[in-house]
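Residue numbers (the working numbering): 2 to 165.
Inspection log for the structure reproduced underneath, given as structure tokens.
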């Protein structure tokens, strides 16, 4: 892939958000967004912000006029019984998850958008051409090289830990 085609690609964040929203809703769960309320363009009720972040329930039954565009997520929701228009730029979304299970995704920083905002310096590699991959001949290995490991590798147990 050339650098030119790589730099012209749009952000993957809105596509991930829409796909995960649909997956969560299709499974009968309640989609929530974790938003960095300190980012430019975030419009949420300030009384609902805690430690610079806000969790938004974006389930169909909780919001009206939900629009998940490529630049921002917009909808109207009630906070303390009062309806507020909400706008969340896609770059301000930190995670999307199901309230009931916690399953979802913490979104990675979008390098292209961060570079556009001046947050990250992107240094492109030099113009050295990339050599294509080629097949390796399937010749038998020299004698003595294919003995395998001398000592058996010990099996390792599971390393996953459930964090609640």
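Note that the Cβ used here is the ideal one computed from N, Cα and C, for glycine as well.
Proximal residues to residue i (C-beta, below 6 Å), its chain only, five neighbours per side dropped
i: residue 10; result: none
i: residue 102; result: none
Cβ-based burial, residue i [other Cβ within 10 Å; buried from 16]
i: residue 16; result: exposed
i: residue 83; result: exposed
i: residue 32; result: buried
i: residue 45; result: buried
i: residue 87; result: buried
i: residue 164; result: exposed
Cβ-Cβ separation, residue j to residue i (assumed contact under 8 Å), whole Å
i: residue 90; j: residue 72; result: 7 Å
i: residue 59; j: residue 76; result: 7 Å
i: residue 49; j: residue 55; result: 5 Å
i: residue 25; j: residue 99; result: 5 Å
Residues near residue i in its chain [Cβ-Cβ closer than 8 Å; skip 5 each side]
i: residue 69; result: 15, 18, 19, 22
i: residue 96; result: 34, 35, 105, 106, 107, 108
i: residue 53; result: 37, 38, 39
Closer than 8 Å to chain C by CB, residue i
i: residue 79; result: Note that chain C does not occur in the displayed structure, where there is just one protein chain.
Paired residues, beta bridge with residue i - DSSP
i: residue 105; result: 98
Any beta strand (DSSP E) of 3 or more consecutive residues that is wholly inside the region 13-100: 32-37, 54-58, 64-69, 73-80, 83-90, 94-99
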